[in-house]
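Notes follow the structure.
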Amino acid sequence: MQLQGQLSEIAARGAELWTISPDPPERLQSYKEQNGFEFPMLVDGGLTVTKAYGILNEDSGEMPHPTAMIVDREGKVTYFRVDEDYKVRPPTVAELLPALEVARGPADRHSGAQ
Numbered sequence: 005m006q007l008q009g010q011l012s013e014i015a016a017r018g019a020e021l022w023t024i025s026p027d028p029p030e031r032l033q034s035y036k037e038q039n040g041f042e043f044p045m046l047v048d049g050g051l052t053v054t055k056a057y058g059i060l061n062e063d064s065g066e067m068p069h070p071t072a073m074i075v076d077r078e079g080k081v082t083y084f085r086v087d088e089d090y091k092v093r094p095p096t097v098a099e100l101l102p103a104l105e106v107a108r109g110p111a112d113r114h115s116g117a118q
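Start counting at 1 in the sequence shown, then tack on 4, and there's your number in our numbering.
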């Protein structure tokens, strides 16, 4: 996941990277360790979050569509991208920078708050 290499850029904008997956915790932990990921990988075992956001891949019945989402500090979704093809993964930080700036808000940008 190329976003791992860009965690410092994400943090510099006052943001954090999280992933969420229906995979079992043991599988995610193994995947995280094998790839050296340093971000939280959350479990959506019952697909509760997947269904709530309407990103369940109806063809698979058990997997979400690859999705990138930015949620601001007030809990408002400011960016939402769903890819139908499971081979397409989340965008690079360069693609997300404008949305990260919107989520950060003008007061944070001017004050230097993170």
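We treat Cβ as the ideally placed atom computed from N, Cα and C, and that holds for glycine. Quantities reported herein were computed from a predicted structural model and do not represent experimental measurements.
Give every residue of the same chain whose Cβ lies closer than 8 Å to the Cβ of threonine 1, excluding the five residues on either side of it in the sequence, and list them in chain order.
In the structure displayed, the chain extends from 5 to 118; residue 1 sits before or after that span and is not available.
Counting Cβ pairs, one atom from each stretch, are 3 or more of them under 8 Å apart for the stretch 52-71 and the stretch 79-93?
Short answer: they touch.
Count the other C-beta atoms from every protein chain shown that fall within 10 angstroms of the C-beta of glutamate 20, then say buried if there are 16 or more, exposed otherwise.
Stepping through the sequence shown from its first residue, residue 20 is reached at position 16. Flag for glutamate 20 reads exposed.
Using the Cα positions of aspartate 27 and glycine 65, report the straight-line distance between them to the nearest angstrom.
Residue mapping note: residue 27 aligns to position 23 of the sequence shown, counting from 1. Residue mapping note: residue 65 aligns to position 61 of the sequence shown, counting from 1. Their backbone Cα atoms lie some 14 Å apart in a straight line.
Express the C-alpha separation of glutamate 78 and methionine 67 in angstroms, rounding to a whole number.
On the sequence shown, position 63 is the one that residue 67 refers to. On the sequence shown, position 74 is the one that residue 78 refers to. When rounded, the distance between both Cα atoms is 28 Å.
Round the Cβ separation of valine 106 and threonine 82 to the nearest angstrom and send it over; I've been treating them as touching at under 8 Å.
To locate residue 106, count along the sequence shown from 1; it is residue 102. To locate residue 82, count along the sequence shown from 1; it is residue 78. With a Cβ gap of about 5 Å, valine 106 and threonine 82 count as contacting.
Which of the three DSSP states, helix, strand or coil, is assigned to leucine 100?
Within the sequence shown, the letter at position 96 stands for residue 100. Helix, per DSSP.
Does proline 70 come out as helix, strand or coil in the three-state DSSP assignment?
Numbered from 1 along the sequence shown, position 66 holds the residue referred to as residue 70. Looking at proline 70 - three-state DSSP - the assignment turns out to be coil, as it is neither helix nor strand.
Tell me the residue span of the alpha helix (DSSP H) that contains valine 53.
Here residue 53 refers to the residue found at position 49 of the sequence shown. It spans 52-56 - the alpha helix (DSSP H) in which valine 53 sits, taken as one unbroken run.
Would you say glutamate 62 faces chain D, with C-beta separation under 8 Å as the test?
The question asks about chain D, but that chain is absent: this structure has only one protein chain.
Tell me the DSSP bridge mates of isoleucine 24?
Taking the first residue of the sequence shown as 1, we reach residue 24 at position 20. In the DSSP output, where bridge partners are listed per residue, isoleucine 24 has Leu46.
Hey, how far is the Cα of serine 25 from the Cα of proline 102?
Walking along the sequence shown from the start, residue 25 turns up at place 21. Walking along the sequence shown from the start, residue 102 turns up at place 98. Near 25 Å, if we compare the C-alpha coordinates of proline 102 and serine 25.
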